[in-house]
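First comes the structure, then the notes that go with it.
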Amino acid sequence: MSDKPLLQVKDLKTHFFTASGVAKAVDGVTFSLDSGQTLGIVGESGSGKSVTSNSIMRLLPKNGRIVGGEILFEDKDIAKLKISDMLDIRGKDISMIFQDPMTALDPVFTIGSQIMEVINAHQKLSKKEARDYAIKVLGMVGIPDPEKRLKSYPHEFSGGMRQRVIIAMAIACHPKLIIADEPTTALDVTVQAQVLNLLKDLQKETGTAIILVTHNLGVVWRMCDSVMVMYAGKTVEYTDVRTLYSNPRHPYTWGLLKSMPKITDDPNVPLASIPGTPPDLKLTGGSCNFHNRCKYCQKICMQESPQMKEVEPGHFVACHFSKEELEKIGGSIDE
Ligand code: SF4
């Protein structure tokens, strides 16, 4: 068995070519993931989280292209594979759980036929074997009376049950990696907890690796081993989850943590937020992308893009300044 990580993404760059210029949606992202581990990718909308995961799946719109870097999956660079070769990998080795189960399922086909289609695409099973297996995976994700529910249509399921069906489809071919893009955003809070527990339990059983794309730091704490914070197409901080919460080093991470609601918050005090808006991705480069929102911003921040530095073992931060230097500049750290 290889001792290399299951997935290594190295300096990935994915750009979108539009009439008004090139948007650098992912601009030099590096991370790795072992089997059985969960990586959380967090950041605001437009930070590049979903484009990073769609790049791994090679599910980019026509004007989007991987223009640099490597995506080594079991040592094979899938960034350079032909799309026809990716069809063998998608669903079988890497599968995806999308945010909205209603749009991910086809409303005119039964749940059973949609699961069996996934099974048949990658496994040579007879019709009866595929049907029995579809019943089994539906049972695994907690759908009651799975044999009967095979004949149901998506609209006959609740939102939480539909997301369970999506998870059943994602695990049907025993993938080595599951990418879950905001898998609980469309669900109410109690169902969110059930779906997250289900994913965790399935991971324990199967040893699959998970990339969890989310804007919810509470979900990251609960689910992930490591976390990558993205801002305007770049990684700004990358480390294990405990370190991120106990010793965050990037001003943007401080802002994200501060804006998380806490049970002890005074209900009369408005929630903290990060002032300003992310930059236009067509205009980034040559400076720190966060400079227009950062209270510690100095001249160099507007002139040079900070490189990722390892500030302690396994903890990478992209800021021109150390925590101590930021304290001298800004007085106090707003964690
Ligand atoms: Fe703020 Fe400068 Fe650090 Fe960017 S490089 S996060 S602008 S202090």
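Just so you know, we're using my numbering here: the sequence shown kicks off at 1498 and counts up by one.
The beta carbon of each residue, even a glycine, is placed where N, CA and C say it ideally should be.
Item                                                                                                                                                                                : Value
When the Cβ atoms of the region 1789-1807 are set against those of the region 1746-1763, are three or more pairs found closer than 8 Å?                                             : yes
What separation, rounded to the nearest whole angstrom, lies between the Cα atoms of R1613 and R1555?                                                                               : For the sequence presented, residue 1613 should be read as Met rather than Arg. Cα to Cα, M1613 sits roughly 23 Å from R1555.
Going along the chain, which unbroken runs of the beta strand (DSSP E) with 3 or more residues stay wholly within the region 1562-1618?                                             : 1591-1594
Which value, in whole angstroms, describes the spacing of the CA atoms of A1729 and T1703?                                                                                          : 34 Å
Of the residues R1562, F1513 and L1741, which one's Cα is nearest the Cα of L1536?                                                                                                  : L1741
Do P1803 and the ligand SF4 come close, with the Cβ less than 6 Å from some heavy atom?                                                                                             : yes
Measuring straight from C-alpha to C-alpha, what distance separates K1577 and E1567?                                                                                                : 8 Å
Taking 8 Å as the limit between beta carbons, can you name the residues of its chain near I1668, skipping five residues before and five after?                                      : S1592, V1634, M1637, V1638, I1675, L1699, T1703 and T1705
Any heavy atom of the ligand SF4 within a distance shorter than 6 Å of the CB on C1670?                                                                                             : no
Which runs of the alpha helix (DSSP H), 4 residues or longer, sit entirely within the region 1627-1697?                                                                             : 1643-1646 and 1656-1668
At a threshold of 6 Å, does C1798 count as lining the ligand SF4 (C-beta to nearest heavy atom)?                                                                                    : yes
Tell me, please, which residues DSSP counts as bridged to G1518.                                                                                                                    : T1515
Just to confirm, does H1652 get its C-beta within under 6 Å of one of the non-hydrogen atoms of the ligand SF4?                                                                     : no
Does the Cβ of F1813 lie closer than 6 Å to at least one heavy atom of the ligand SF4?                                                                                              : no
G1518: which of D1777, L1647, K1806 and L1823 sits nearest, CA to CA?                                                                                                               : D1777
Who are the Cβ neighbours of K1546 in its own chain at under 6 Å, not counting the five residues just before and after it?                                                          : I1538, G1540, V1710 and M1727
Could you check whether G1609 and A1631 sit closer than 7 Å to each other, using their CB atoms as the reference points?                                                            : yes
Would you say H1619 touches the ligand SF4, meaning its beta carbon is less than 6 Å from a heavy atom?                                                                             : no
Would you kindly check if the distance between the Cβ of I1563 and the Cβ of T1515 is under 7 Å?                                                                                    : no
For A1520, which residues in the same chain have their Cβ closer than 7 Å to its Cβ, ignoring the five residues on either side in sequence?                                         : H1512, F1513, L1778 and K1779
Let me know if I1586 comes out buried or exposed under the rule of 16 or more other beta-carbons within 10 Å of its beta-carbon.                                                    : buried
Report all residues from its chain with a CB closer than 7 Å to the CB of P1502; omit the five preceding and five following residues, and keep chain order.                         : S1529, L1530 and D1531
Residues bridged to G1811 by DSSP?                                                                                                                                                  : DSSP lists no partner for G1811.
Could you tell me which of T1607, L1693, Q1620 and S1623 sits nearest to F1654, measuring between CA atoms?                                                                         : T1607
Could you name the residues of the same chain whose beta carbon sits closer than 8 Å to that of M1757, not counting the 5 residues immediately before and after it, in chain order? : L1714 and G1715
Here's the rule I'm using: 16 or more other beta-carbon atoms within 10 Å means buried, otherwise exposed. How should V1662 be labelled?                                            : buried
For N1560, which residues from the same chain have a beta carbon less than 7 Å from its beta carbon, with the 5 sequence-adjacent residues on both sides left out?                  : F1513, F1514 and T1515
With distances taken Cα to Cα, identify the nearest neighbour of A1522 among P1604, E1734 and P1775.                                                                                : P1775
According to DSSP, is Y1793 helix, strand or coil?                                                                                                                                  : coil
Along the beta strand (DSSP E) that carries M1725, what are the first and last residues, could you check?                                                                           : S1723 to Y1728
Pairing CB atoms from the region 1729-1738 with CB atoms from the region 1804-1813, are three or more of them under 8 Å?                                                            : yes
When DSSP builds the beta bridges, which residues end up paired with I1760?                                                                                                         : Answer is none; I1760 lacks a bridge partner.
Is the separation between the beta-carbon of H1619 and that of C1670 shorter than 7 Å?                                                                                              : yes
Using only the alpha-carbon positions, how far apart do I1708 and A1677 sit?                                                                                                        : 6 Å
At the 7 Å Cβ level, is D1777 part of the contact set with chain D, yes or no?                                                                                                      : No chain D is present in this structure, which holds just one protein chain.
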